[in-house]
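Below is one structure, written out as C-alpha cells; the observations come after it.
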Ligand code: DC
C-alpha cells in the first residue's frame, strides 16, 4: 500500500497533535511533533541562558541534539534533548512563552527542517507544525490547515494544564495563544500560512470523532 506524507499545520492549541497521533496510529505511520522540537530547543537555550538575539546562538546549535525515543510509560516516542527526556518540561508555560522568540531564528529552523525532511523522506509520516506543507514537505500528498477560535483553544490548554496540576490563569493562557498566533503568522522566517492546496479544518464546533472521520475520509481518497 502507498505510504504518503500528511502535513498538518495550523494555530497553536487547536488539537493538531491529537488528530495527528490518532491518524498515525490508525495507519501505522510515524508521528512527528515538530513543535516539540522547537520547544526542546527553546528549553536548551533557556537553561544555558542564551537569549534569542545572542551572537553565540548559531555556534551553540552544534551541541544541540534533539531526538524522538521510545520510553516505557509513553505510548509514542518522546522528545529528548541531548539524551534527556524533556517531554513534560517543554509543555510548561515558561517554554510556551519563549518559544516563538527562538522559533523565528533561521539557523535553528534550517537545522530542524533538515532533520524533519530526513525523518519523513520515505513517506508513511504524519507531521504537525507551522511550516510542514509550506517548507518541510511542499510536495506532501495531503495537507491540512487546522484552526479553532482563540477562546476555545485557550480553554482546552487551560484544562490540560490544570489536569497536570499546574496553577495557571485562563486569561494568561488566552493572551499567550493570541500572542503566539500573531507571532507565528507575522514572522519573517517560514510564517504560518494556509497554502493553497491545504484543506481547512476549523474544529471549533467539531467533536474529535467528527474531525477524525472527516480527515480519514480525505486520507482514503489519497490512498486510492
Ligand atoms: O505546536 P506547538 O504549540 O507545540 O509549537 C510550539 C512553537 O513552535 C509555536 O509557537 C510555533 C513553533 N513552531 C514552528 O515555528 N514551526 C513548527 N514547524 C512547529 C512549531
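Residue numbers (the numbering used here): 1 to 224. Just so you know, even glycine gets a beta-carbon here, dropped at the ideal spot from N, CA and C.
Annotation: residue 148 is outside any beta strand (DSSP E) and is labelled neither H nor E by DSSP. Remark: C-beta atoms of residue 140 and residue 15 do not approach each other more closely than 9 Å. Going by C-alpha positions, residue 114 is about 8 Å away from residue 136.
Within the region 104-134, the complete beta strand (DSSP E) runs of at least 3 residues fall at 125-129.
The beta carbon of residue 55 lies closer than 7 Å to none in the same chain, with the five residues before and after it left out. For the set 25, 32, 36, the Cα lying nearest the Cα of residue 85 is the one of 36. The Cβ atoms of residue 66 and residue 134 lie no closer than 9 Å to each other. Residue state for residue 69 is assigned as strand, using DSSP reduced to three classes. Secondary structure of residue 5 (DSSP, three-state): strand. Remark: C-beta atoms of residue 4 and residue 124 approach each other more closely than 9 Å. In the assembly as shown, residue 146 is a buried residue. Its beta-carbon has 16 or more other beta-carbons within 10 Å. At a cut-off of 8 Å, the beta-carbon of residue 147 does not count as near the ligand DC: no heavy atom of the ligand is closer than that. Set against 8 Å, the gap from the CB of residue 12 to the closest heavy atom of the ligand DC is smaller. Check the Cα spacing between residue 105 and each of 184, 19, 161: the tightest is with 184.
Taking the Cβ atoms as the reference, residue 122 lies roughly 18 Å from residue 8, outside the contact range of under 8 Å.
Residue pairing of residue 84 in beta bridges, as defined by DSSP: 81. Under the 10 Å beta carbon count, residue 217 is surrounded by fewer than 16 other beta carbons and is classified as exposed.
Burial is judged here by how many other beta carbons sit within 10 angstroms of a residue's own beta carbon; residue 165 has fewer than 16 and is exposed. The criterion of a C-beta distance shorter than 9 Å is satisfied by residue 39 and residue 99. With respect to the 9 Å criterion, residue 199 and residue 144 are classified as neighbours on the basis of their beta carbons. Here the distance from the Cβ of residue 31 to the nearest heavy atom of the ligand DC is not below 8 Å. By the Cβ-count criterion, residue 150 is buried, with 16 or more other Cβ atoms from all chains shown falling within 10 Å of its own Cβ. Cβ contact annotation for residue 30 (same chain, cutoff 8 Å, sequence separation greater than five): 24, 119, 120, 124, 125, 126, in chain order. Proximity to residue 204 across 220, 154, 78, 51 peaks at 154, based on C-alpha coordinates.
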